[in-house]
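Taken in sequence, the protein lines are chains A and B. Here the first sequence stands for residues 1 to 144, numbered as in the working numbering. Here the second sequence stands for residues 1 to 405, numbered as in the working numbering. Each residue gets a CB set at the ideal place from its N, CA and C atoms; glycine is no exception. Report on one structure; see the data block that follows.
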Amino acid sequence: MARDMKHIDVEEIKDLGWDELIPGAALFSFKEPVEDVVEVPMEERPYAPTNSHEWQVGDWRVEKPVFNRDLCIDCQFCWVFCPDISILSRDKKMIGVIYEHCKGCGICVEVCPTNPKSLLMFPEHMDNEEALKQWPQKEEKKKD
Amino acid sequence: MAKRMELNEVEVWDGNMAAAQALRQADVDIVAAYPITPSTPIVQNYSKFLADGYVDGDFIMVESEHSAMSGCVAASAAGVRAATATSSQGFALMVEVLYQASGMRLPIVLTVVNRALAAPLNVNGDHSDMYLGRDAGWINLCSYNPQEAYDLTLMAFRIGEDLRVRLPVMVHQDGFLCSHTAQNVRPLQDEEAREFVGEFKPVNSMLDVANPVTHGVQTEEDWHFEHKARQHHDLMNSVPVIKEVFAEFKERTGREYDLVYKYKMDDADVAIVALGTTVESARVAADRMREQGIKAGVVSFRVLRPFPFNEIVEALGDVKAIAAMDRSAPGGTFGMLFNEISAALMAKGKHPVVLNYIYGLGGRDTTIQMLEEVYKQLDECAKAGEAKYPLQQFIGLRGPKLSFY
């Protein structure tokens, strides 16, 4: 019999036998039906244990985006362009990067319009406080 | 609502029309197709039915067979009934997606009009496309004439969509010899066919937006093996469902199907095992041999996958010599039928003489006379109690005799 994969304990998943799997390896997002999901904030969604939201999926990142609150203008470009769900923003206010899910692709840094940028890539092993200390100065416009 | 098509008690349909009518009556929601000889008329007829209001679904014209099967996979995962048709090179291009369909457990129906694989390019019938796809995890049903192509296509939906199965199903028919040969076909009326096939039952449908589901996931060494095991288990256990559907179909139509097809096997000393239209030719040859005092019979697979291990051995009974006739280039070994039949017999402790005949490649005619010759060779072997000929022979071939092993 296939197990109830919507409500299974995360720890139990690794011990499932072939006979307990959902045929076709279908994975459910939520434990319960969610109507009009765009209106439900991430922290209130009933994520099922098979949803990647519940798993650490950023562990192969080699460079990370670091966020500098002092420079950010809350334009939401990074939130819009992030191909994952790794930019946390609430009420149009940028809060930071969710490192559990960020793969380090750098798109948020690329689209950041401030000068200097409010998001920059740093080596994975560097502390964010150290990264903020190394933040570059504003680039002067070149005069022709 | 689709219009009802008034059908005669007996229609004159070729295999392509028979399959197309079965798809129409099954109320398929999505047919995604790319035409290829000799299966083109299946989807051509189907699109005409659609244009004339006899179908309540959609026809998606795609740019290749890879996309045709991909469209069916998407439609089936979305939660609707999907089907298509192909042959040969188109089948070969679909192969990658055939494995996706079965691994994702999507009950798609594929009507395959069997044709040779290039090179050299050839549009005529042999079984090399069927053999190419036999490990793809689909249920494989084999027909020998247009009536059976019609019946099995209708039954394919019931079998694949059963909640105990949920696997895709191929229905094979021979290119031209079946697909383009008009014969009497006794169809069900539309409402009878619809009632038999039933409503499509979505499982983990992607269109159920309140319950989002991911299909086509990635697993590595951690889960792949368990999923393939489950898939194989469910394919092997589709047999009772196939039997149930065959039995219900017999109740409705009087037409009987079984996992293995037998002709005059009760007292047979020698038997031909073949697939497709050759089965019907072999029946005629067997009758002629019986006039000459040789007890000849014919055995074929109605269900090639899952492999009917017990039933094939039982059907062959105590025959003394068997011709395993493979209509596909064997590619450096024995033909598939020889390998699988020999293995099944050996596992059951039976040791008749088994000879492998490679025949009919690229649509080469297989005459009754050639099959009589095969029976005569088998008769010699049966009487001698040993193989008096090479284990693998090419027959109907120009030039010096070609044989191996």
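Residue closest to residue i, alpha-carbon to alpha-carbon, out of the options
i	options	result
B/Val95	B/Met346, B/Ala74 and B/Ala68	B/Ala68
B/Arg24	B/Leu259, B/Ile42, B/Pro35 and B/Arg255	B/Ile42
B/Ser70	B/Leu121, B/Tyr99, B/Pro240 and B/Leu50	B/Tyr99
B/Ala20	B/Tyr54, B/Met1 and B/Asn8	B/Tyr54
B/Val217	A/Lys6, A/Arg45, A/Thr50 and A/Arg69	A/Thr50
B/Ala323	B/Glu148, B/Asn114 and B/Val299	B/Val299
B/Phe325	B/Arg158, B/Arg290 and B/Ile395	The residue you asked about is not Phe; residue 325 of chain B is Met in the sequence shown. Nearest of B/Arg158, B/Arg290 and B/Ile395 to B/Met325, Cα basis: B/Ile395.
A/Thr114	A/His101, A/Gln137 and A/Glu124	A/Gln137
B/Ala149	B/Pro107, B/Ala182 and B/Pro168	B/Ala182
A/Gly106	A/Val62, A/Met94, A/Leu132 and A/Glu130	A/Val62
A/Phe77	A/Cys112, A/Pro123, A/Ser86 and A/Asp59	A/Cys112
A/Asp91	A/Glu32, A/Cys75 and A/Asp127	A/Cys75
B/Val319	B/Val374, B/Asn145 and B/Ala382	B/Ala382
B/Ala347	B/Ser64, B/Val62, B/Asn310 and B/Lys250	B/Asn310
B/Lys243	B/His233, B/Thr253, B/Tyr257 and B/Phe301	B/Tyr257
B/Ala271	B/Glu314, B/Gly360, B/Arg194 and B/Ala78	B/Glu314
B/Thr366	B/Lys401, B/Leu7, B/Pro240 and B/Arg327	B/Arg327
B/Gly79	B/Asn45, B/Leu355, B/Arg166 and B/Asn356	B/Arg166
Buried/exposed call for residue i, threshold 16 Cβ in 10 Å
i	result
B/Met236	exposed
B/Leu163	exposed
B/Arg283	buried
B/His351	exposed
B/Glu221	exposed
B/Phe338	buried
B/Ile416	No answer is possible for residue 416 of chain B: it lies beyond the span of chain B, which begins at 1 and ends at 405.
B/Phe334	buried
B/Ala119	exposed
A/Ser86	buried
Nearest-angstrom beta carbon gap, residue j and residue i [assumed within contact, 8 Å]
i	j	result
B/Ile30	B/Asp58	5 Å
B/Leu154	B/Leu141	Incorrect: roughly 11 Å between the Cβ atoms, too far for contact.
B/Ser403	B/Pro306	Not really, about 32 Å apart at Cβ, beyond 8 Å.
B/Met265	B/Gly293	B/Met265 to B/Gly293, Cβ: 17 Å. No contact.
B/Pro38	B/Phe176	5 Å
B/Cys72	B/Thr84	5 Å
B/Arg105	A/Gly24	3 Å
B/Gly15	B/Pro187	No, B/Gly15 and B/Pro187 are not in contact; Cβ-Cβ is about 13 Å, not under 8 Å.
A/Asp58	A/His101	For the record, residue 58 of chain A in the displayed sequence is Gly; it is not Asp. Going by Cβ atoms, the distance from A/Gly58 to A/His101 rounds to 5 Å, so yes, they are a contact pair.
Any chain A beta carbon closer than 7 Å to residue i
i	result
B/Glu161	no
B/Asn237	no
B/His227	yes
B/Asn8	no
B/Val80	no
B/Thr278	no
B/Pro306	no
B/Ala136	no
Residue i - partner residues in DSSP beta bridges
i	result
B/Gln369	DSSP output for B/Gln369 lists no bridge partner at all.
A/Arg90	A/Lys93
A/Tyr47	A/Phe30
A/Asp59	Answer is none; A/Asp59 lacks a bridge partner.
B/Trp13	B/Gln183
B/Lys3	BP columns for B/Lys3 are empty, so no partner.
A/Phe67	A/Leu119
B/Phe301	B/Val260
B/Met155	In DSSP, B/Met155 forms no bridge with anything.
B/Gln392	B/Asn356 and B/Phe404
B/Asp267	Bridge partners of B/Asp267: none, in fact.
CB contact below 7 Å: residue i versus chain B
i	result
A/Pro46	no
A/Trp135	no
A/Pro23	yes
A/Trp55	no
A/Val34	yes
Closer than 6 Å: residue i CB and nearest the ligand HEM heavy atom
i	result
B/Ala382	No copy of the ligand HEM occurs in the structure displayed, which carries no ligand at all.
8 Å Cβ cut-off: residues of chain E touching residue i
i	result
A/Val62	Of the protein chains in the structure, A and B, none is chain E.
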